[in-house]
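Peer 1: Per my numbering, residue 6 is the first one in the sequence shown, and the count goes up by one each step.
We put the CB at the ideal spot given by N, CA and C, even for glycine.
Since the structure is predicted, the reported quantities are computational estimates derived from the model, not experimental observations.
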Amino acid sequence: EYWDGEKPVLVAPEGSTVTLPCVNRQHIWTERHSEEEQQVVHWDRQPPGVPQDRADRLVDLYASGERRSYGPQFLRQKMNVSRGAFGLGDFSLRISRLESADEGTYSCHLHHHYCGLHERRIYHLAVTEPQRDSRVVNITVPAADPNVVRGHNVINVIIPESRMHFFQQLGYILATLLLFLVLLIIVVLVTRRRRHRGYEYNVKKYGEKDVNLKEFTVDTTDLTPHKSEDIRLDYKNNILKEKAEQARSFPAKNIDLDKDFRKEYCK
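1. Helix, strand or coil, according to DSSP, for L15 in the structure here?
2. Compute the Euclidean distance between the alpha carbons of R102 and G109, then round it to the nearest angstrom.
3. Take Q57 and list the residues in its own chain whose beta-carbon comes closer than 7 Å to its own, dropping the five residues that flank it on each side.
4. State buried or exposed for A180, treating a residue as buried only when at least 16 other CB atoms are found within 10 Å of its CB.
5. In terms of residues, what are the limits of the beta strand (DSSP E) holding G109?
6. So what's Q174 in DSSP terms, helix, strand or just coil?
7. Three or more C-beta pairs closer than 8 Å, one from the stretch 124 to 131 and one from the stretch 21 to 31: is that the case here?
8. Go ahead and pull the three-state DSSP assignment for E247.
9. Can you tell me whether L186 is helix, strand or coil according to DSSP?
10. How big is the Cα-Cα spacing for S97 and I178?
11. Rounded to the nearest angstrom, how far is the Cβ of E19 from that of S105, given a contact under 8 Å?
12. Can you give me the start and stop residues for the alpha helix (DSSP H) that T35 sits inside?
13. Taking 8 Å as the cut-off, decide whether the C-beta atoms of F91 and W48 are in contact.
14. With a 10 Å radius around its C-beta and 16 neighbouring C-beta atoms as the bar for buried, classify R125 as buried or exposed.
15. My guess is that H273 and V45 are in contact by the Cβ rule of under 8 Å, so how many angstroms apart are they, rounded?
16. Would DSSP call Q82 helix, strand or coil?
17. Measuring alpha carbon to alpha carbon, tell me which of L182, Q82, Q136 and S69 ends up nearest G89.
18. I'd like the list of long-range same chain contacts for R59, defined as Cβ closer than 8 Å, with 5 residues on each side in sequence excluded.
19. Is it buried or exposed, L66, if we count other Cβ atoms within 10 angstroms and call 16 or more buried?
20. Where M175 and L184 are concerned, what is the direct C-alpha to C-alpha distance, given to the nearest angstrom?
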């Protein structure tokens, strides 16, 4: 419990029981007479963010013994005010099995119509999560020797990671591997497709290409001797051929030189 500057604040864990005090032991509240049964006490609750004029009425208590409870059945079972509240002057509200829905501002109003008195108690209730069991480890440290100078002791505390964190890291690793495999498959398919296209292009190119005789290299070293021999044979054949033709065109004549000489001499 602490004071926030306007009202006390009660902080209680979820599932516990809390009592909001509203006590007035003055005789005008504890002593009742038939003509003075004009005391009325009621409790109101404001949920967070709800103004005071729209507060919910929880219970009305009358000095005559009449009691009126409001709200759902589970609220009426959780909240209780003592039956002998007016005899004891204790109108405290007891709330059991606290839940987060029980948070809000609670106010206790005391009215004395005969005397014209009005008192009010205001509390703010905050519900927190239940505290977990904390393990206390006792470490016995040997007494320090004042004659020995010691350095600072460093204690490393290793806090194990939760299973959720482990599965999260595993999911990241698997997703990365899957992405790598997909990229590898894409690269292999693209490479094979390009190679297949290149092979088809080469086959088509060589199939449609004309043969150019200039591209073939001929070794002329072996042809040179044969060429010179052919020229010589042709030359000899031509000479013989000319002689044969001359022999045919000009038949051989027998010339008698002595006869011609005699003719010249007899003239």
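Peer 2: Concretely, from the data shown:
1. Within the sequence shown, numbered from 1, the residue matching residue 15 stands at position 10. Reduced to three states, the DSSP call for L15 is strand.
2. Position 97 of the sequence shown, counted from the first residue, corresponds to residue 102. Position 104 of the sequence shown, counted from the first residue, corresponds to residue 109. So the two alpha carbons sit approximately 15 Å from each other.
3. Mapped onto the sequence shown, residue 57 falls at position 52. Within the same chain, Q57 has close Cβ partners Q51.
4. For the purposes of this step, residue 180 is identified with residue 175 of the sequence shown, where counting begins at 1. A180 comes out exposed.
5. Taking the first residue of the sequence shown as position 1, residue 109 is located at position 104. First-last of the beta strand (DSSP E) with G109: G109 to H117.
6. Locating residue 174 in the sequence shown gives position 169, counting from the first residue. Q174: helix per DSSP, three-state reduction.
7. yes
8. Mapped onto the sequence shown, residue 247 falls at position 242. Three-state result, E247: helix.
9. Within the sequence shown, residue 186 is the residue found at index 181, counting from 1. DSSP places L186 in helix when its eight states are reduced to three.
10. Here residue 97 refers to the residue found at position 92 when the sequence shown is read from its first residue. Here residue 178 refers to the residue found at position 173 when the sequence shown is read from its first residue. One C-alpha to the other measures close to 59 Å.
11. Reading the sequence shown from its first residue, position 14 is the one you call residue 19. Reading the sequence shown from its first residue, position 100 is the one you call residue 105. Indeed they touch by this definition, with Cβ atoms about 7 Å apart.
12. The residue labelled residue 35 in the question sits at position 30 within the sequence shown. Run containing T35: H32 to T35, per the alpha helix (DSSP H) assignment.
13. Counting from one through the sequence shown, the residue named residue 91 turns up at place 86. Counting from one through the sequence shown, the residue named residue 48 turns up at place 43. No, the Cβ-Cβ distance between F91 and W48 is not below 8 Å.
14. Start at 1 with the first residue of the sequence shown, and residue 125 comes out as number 120. Exposed, by the Cβ-count rule.
15. Residue 273 falls outside the range modelled here, since the chain spans only 6 to 272, and no answer is possible.
16. Here residue 82 refers to the residue found at position 77 when the sequence shown is read from its first residue. In this structure, Q82 counts as helix in the three-state DSSP scheme.
17. Position 84 of the sequence shown, counted from the start, is the residue given in the question as residue 89. The shortest C-alpha separation from G89 is found at S69.
18. Looking up residue 59 in the sequence shown gives position 54. Same-chain partners within the cutoff: Q51.
19. As a first step, residue 66 must be located in the sequence shown, where it is residue number 61. With 16 or more Cβ atoms within 10 Å of its Cβ, L66 is classed as buried.
20. For this step, residue 175 is matched to residue 170 along the sequence shown. For this step, residue 184 is matched to residue 179 along the sequence shown. One detail in the question is off: residue 175 reads as Leu in this sequence, not Met. Cα to Cα, the separation comes out at about 14 Å.
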